[in-house]
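Asker: Sequential numbering of the sequence shown, starting at 4, is according to the numbering used here. What follows is a single structure, and I will ask about it in a moment.
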Amino acid sequence: MKPILYIIVPCYNEQEVLPVTAPLFLEKLELLRDLGKISDESRVLFVNDGSRDATWDIICALAASDPHYLGIAQSRNRGHQNAVLAGLMEAKDRCDVTISIDCDGQDDIDAMDQMVDAYLDGCEVVYGVRADRRSDSFFKRFTAQSFYKFLAAMGAEVVYNHADYRLISSRVLKEFANFREVNLFLRGLVPLVGFKSTTVSYTRAERLAGKSHYPLRRMIALAVDGITSLSVKPLQLITGFGLTVALVSFLGVLWALITALCGKSVPGWASMTCIVCFVGGVQLISLGIIGEYVGKIYLETKQRPRYIISERTWESEKPGRNS
Ligand code: UDP
Ligand code: MG
Numbered sequence: 004m005k006p007i008l009y010i011i012v013p014c015y016n017e018q019e020v021l022p023v024t025a026p027l028f029l030e031k032l033e034l035l036r037d038l039g040k041i042s043d044e045s046r047v048l049f050v051n052d053g054s055r056d057a058t059w060d061i062i063c064a065l066a067a068s069d070p071h072y073l074g075i076a077q078s079r080n081r082g083h084q085n086a087v088l089a090g091l092m093e094a095k096d097r098c099d100v101t102i103s104i105d106c107d108g109q110d111d112i113d114a115m116d117q118m119v120d121a122y123l124d125g126c127e128v129v130y131g132v133r134a135d136r137r138s139d140s141f142f143k144r145f146t147a148q149s150f151y152k153f154l155a156a157m158g159a160e161v162v163y164n165h166a167d168y169r170l171i172s173s174r175v176l177k178e179f180a181n182f183r184e185v186n187l188f189l190r191g192l193v194p195l196v197g198f199k200s201t202t203v204s205y206t207r208a209e210r211l212a213g214k215s216h217y218p219l220r221r222m223i224a225l226a227v228d229g230i231t232s233l234s235v236k237p238l239q240l241i242t243g244f245g246l247t248v249a250l251v252s253f254l255g256v257l258w259a260l261i262t263a264l265c266g267k268s269v270p271g272w273a274s275m276t277c278i279v280c281f282v283g284g285v286q287l288i289s290l291g292i293i294g295e296y297v298g299k300i301y302l303e304t305k306q307r308p309r310y311i312i313s314e315r316t317w318e319s320e321k322p323g324r325n326s
């Protein structure tokens, strides 16, 4: 039996690029089917992440034009990670294997051949890794690489230069469904599920149309999410730093006492002010980091749903409406 593949494509305000890339996904599906690697039951599943433009209309039109296109819509915008999760969870009981990919054409669609080959060879997870980032601007490349290095330094292990272009088998997805955290950082969580995995490298291209939704602010938010959901190292660093500062202050107190006893004490307003400001700043940053974790605990305890699907292209119109 040939495996059923679902290509999961999150889309947020992508009306410019979707008409360009959607046929490319379908072509790849047909090619893989013609090569006898996947079943004809395979599909391209678009996840509309609460777009404010014509994205959902385009997805519905695509679904009407070819049965290989499917679409689901989230009830509102919840962010890239949750959109991918919604697609994966929707697909897990309908297929044998999924590949998640951005809809902007930046990730090389041809790498899917190798991913499917690796799956057929027994791998359950295949990470798409960007071999080079020449197409990215210097700023994007620099911030993205710093992002991975900072994550690693903070104890959040992720596959270097791997974003959310990856193959996951439904077997892994069924286990992954038991990871219930609300703070989603898929590229850090998928490796925790385990199973046999490998990487496939590809060259990252430029966006075919439209513009990026990941400005520096969202990248920083993603990095903070990644670190705080995968590692408690920052809290350990705070403790270590606090101990060091305490030790140094102890030596300072000794020194002050000795100089005072020797009658050599001098007015030290500037140095005192510096120390007070510095220690005050350190304390506030430490409180902020602890606050990040407390906030995460708060969100996790609510156990709110991580995605809500409001429409599916294969379900009929709601009864009593527009009739
Ligand atoms: N995306 C999404 N929800 C969002 C933001 C982005 O589903 O709130 C999708 C977007 O449509 C695209 C993918 O996530 O398919 C990656 O976004 P983008 O290309 O803007 O990020 P970049 O490649 O610049 O990091
Ligand atoms: Mg992109």
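Glycine is no exception: its CB is placed at the ideal position from the N, C-alpha and C atoms. Every value quoted in this text rests on a predicted model; they were computed, and no experiment measured them.
Whose C-beta lies closer than 6 Å to the C-beta of K299 among residues of the same chain, with five residues either side of it excluded?
Answerer: The count along the sequence shown starts at 1 and reaches residue 299 at position 296. Cβ neighbours of K299 beyond the five flanking positions: N186, T231.
Asker: Any heavy atom of ligand 2 inside 7 Å of the beta-carbon of S140?
Answerer: The residue labelled residue 140 in the question sits at position 137 within the sequence shown. Answer for S140: no, Cβ out of range of ligand 2.
Asker: Using 7 Å as the cut-off, classify the Cβ of N80 as near or not near the heavy atoms of ligand 1, replying yes or no.
Answerer: Counting from 1 along the sequence shown, the entry for residue 80 is found at position 77. N80 Cβ: within cutoff of ligand 1.
Asker: For ligand 2, enumerate in chain order all residues having a CB closer than 6 Å to any of its heavy atoms.
Answerer: Here the list is D105, D107, Q109, R210, S215.
Asker: In this structure, does DSSP put Q239 in helix, strand or coil?
Answerer: The residue you call residue 239 lines up with position 236 of the sequence shown. The answer is helix: DSSP assigns Q239 an H, G or I state.
Asker: Is H83 close to ligand 1? I mean its beta-carbon at under 7 Å from any heavy atom of the ligand.
Answerer: The count along the sequence shown starts at 1 and reaches residue 83 at position 80. Yes; taking the cut-off as 7 Å, the Cβ of H83 has a heavy atom of ligand 1 nearer than that.
Asker: List the DSSP bridge partners of S204.
Answerer: Residue numbering aside, residue 204 sits at position 201 when the sequence shown is read from its first letter. For S204, which the question treats as bridged, DSSP gives the partners V132.
Asker: Is it the case that the CB of A86 approaches a heavy atom of ligand 1 more closely than 7 Å?
Answerer: On the sequence shown, position 83 is the one that residue 86 refers to. Yes; taking the cut-off as 7 Å, the Cβ of A86 has a heavy atom of ligand 1 nearer than that.
Asker: Should A226 and F179 be called a contact, given that it needs their Cβ atoms to be closer than 8 Å?
Answerer: Residue numbering aside, residue 226 sits at position 223 when the sequence shown is read from its first letter. Residue numbering aside, residue 179 sits at position 176 when the sequence shown is read from its first letter. No, these two residues do not count as a Cβ contact at 8 Å.
Asker: What do you get for N181, buried or exposed, if any count of 16 or more other CB atoms within 10 angstroms of its CB means buried?
Answerer: Taking the sequence shown and counting its residues from 1, the one referred to as residue 181 is at position 178. Exposed.
Asker: Classify V297: buried if its beta carbon has 16 or more other beta carbons within 10 angstroms, exposed otherwise.
Answerer: Taking the sequence shown and counting its residues from 1, one reaches residue 297 at position 294. Answer is exposed; the Cβ neighbour count stays below 16.
Asker: From what residue to what residue does the alpha helix (DSSP H) around N85 run?
Answerer: Here residue 85 is taken as the residue at index 82 of the sequence shown, counted from 1. Taken as a continuous stretch (DSSP letters only), the alpha helix (DSSP H) holding N85 covers 83-94.
Asker: Would you say the beta carbon of D340 is closer than 7 Å to some non-hydrogen atom of ligand 1?
Answerer: There is no way to answer for residue 340, as the model of the chain reaches only from 4 to 326.
Asker: So is I305 buried or exposed if we call it buried at 16+ other beta carbons inside 10 Å?
Answerer: Translated into positions along the sequence shown, residue 305 becomes position 302. Going by the sequence as given, residue 305 is Lys instead of Ile. It counts as exposed.
Asker: Rounding to the nearest angstrom, what Cα-Cα distance links S215 and H71 in this structure?
Answerer: Counted from its first residue, the sequence shown places residue 215 at position 212. Counted from its first residue, the sequence shown places residue 71 at position 68. When rounded, the distance between both Cα atoms is 27 Å.
Asker: What does V12 pair with, by DSSP beta-bridge criteria?
Answerer: Residue numbering aside, residue 12 sits at position 9 when the sequence shown is read from its first letter. Its beta-bridge partners are F49.
Asker: Assign S274 to one of three DSSP states: helix, strand, or coil.
Answerer: Mapped onto the sequence shown, residue 274 falls at position 271. Helix at S274.
Asker: So, with DSSP's three-state summary, where would you put E184?
Answerer: To locate residue 184, count along the sequence shown from 1; it is residue 181. E184 falls in the coil class under three-state DSSP.
Asker: Return yes when the Cβ of A67 is within less than 8 Å of the Cβ of Q77, no when it is not.
Answerer: Position 74 of the sequence shown, counted from the first residue, corresponds to residue 77. Position 64 of the sequence shown, counted from the first residue, corresponds to residue 67. Not in contact: Q77 and A67 (Cβ atoms no closer than 8 Å).
Asker: Do you know offhand how far H83's Cα is from L123's?
Answerer: As a first step, residue 83 must be located in the sequence shown, where it is residue number 80. As a first step, residue 123 must be located in the sequence shown, where it is residue number 120. Rounded to the nearest angstrom, the two C-alpha atoms are 28 Å apart.
Asker: Helix, strand or coil for D60? Go by DSSP, reduced to three states.
Answerer: On the sequence shown, position 57 is the one that residue 60 refers to. Reduced to three states, the DSSP call for D60 is helix.
Asker: So, using beta-carbon positions, are Y11 and I41 closer together than 8 Å?
Answerer: As a position in the sequence shown, residue 11 is number 8, starting the count at 1. As a position in the sequence shown, residue 41 is number 38, starting the count at 1. Residue identity differs from the one stated: residue 11 is Ile in this sequence, not Tyr. Not closer than 8 Å, so no.
Asker: Closest to S200 by C-alpha separation, out of V282, R210, Q117, would be which residue?
Answerer: The count along the sequence shown starts at 1 and reaches residue 200 at position 197. Among V282, R210, Q117, the Cα nearest to that of S200 is on Q117.
Asker: With a 10 Å radius around its C-beta and 16 neighbouring C-beta atoms as the bar for buried, classify P218 as buried or exposed.
Answerer: Within the sequence shown, the letter at position 215 stands for residue 218. Classification for P218: exposed.
Asker: Can you give me the C-alpha to C-alpha distance between L27 and D110, rounded to a whole angstrom?
Answerer: The residue labelled residue 27 in the question sits at position 24 within the sequence shown. The residue labelled residue 110 in the question sits at position 107 within the sequence shown. Cα-Cα distance, rounded: 12 Å.
Asker: List the endpoints of the continuous beta strand (DSSP E) containing Q77.
Answerer: Counting from 1 along the sequence shown, the entry for residue 77 is found at position 74. Q77 -> beta strand (DSSP E) spans 72-77.
Asker: Let me make sure I understand the geometry here. Which of Y168, D69, A134 has the alpha-carbon closest to that of S204?
Answerer: Here residue 204 refers to the residue found at position 201 when the sequence shown is read from its first residue. Checking every option, the nearest Cα to that of S204 belongs to A134.
Asker: Which residues in the same chain as A166 place their Cβ atom closer than 7 Å to its Cβ, once the five residues preceding and following it in sequence are excluded?
Answerer: For the purposes of this step, residue 166 is identified with residue 163 of the sequence shown, where counting begins at 1. Closer than 7 Å at the Cβ level, and outside the excluded window around A166, lie R190.
Asker: Per the DSSP calculation, V100 is bridged to which residue(s)?
Answerer: Locating residue 100 in the sequence shown gives position 97, counting from the first residue. Answer is L8, S172.
Asker: Flag this pair as yes or no: are the beta carbons of S54 and C106 separated by less than 8 Å?
Answerer: For the purposes of this step, residue 54 is taken as the residue at position 51 of the sequence shown. For the purposes of this step, residue 106 is taken as the residue at position 103 of the sequence shown. No, these two residues do not count as a Cβ contact at 8 Å.
Asker: Is Y310 near ligand 1, judged by its Cβ being under 7 Å from some heavy atom?
Answerer: Locating residue 310 in the sequence shown gives position 307, where the first residue counts as 1. No - ligand 1 has no heavy atom lying nearer than 7 Å to the Cβ of Y310.
Asker: What would DSSP say about R221, mapped onto helix, strand or coil?
Answerer: Within the sequence shown, residue 221 is the residue found at index 218, counting from 1. In the structure shown, R221 sits in a helix (DSSP, three-state: H, G or I).
Asker: For G243 and I278, I'd like the C-alpha separation in whole angstroms.
Answerer: The residue given as residue 243 occupies position 240 in the sequence shown. The residue given as residue 278 occupies position 275 in the sequence shown. Each residue's Cα considered, the two are about 18 Å apart.
Asker: Flag Y217 as yes when its Cβ comes closer than 7 Å to any non-hydrogen atom of ligand 1, and as no otherwise.
Answerer: For the purposes of this step, residue 217 is identified with residue 214 of the sequence shown, where counting begins at 1. Because some heavy atom of ligand 1 lies under 7 Å away, the Cβ of Y217 counts as near it: yes.
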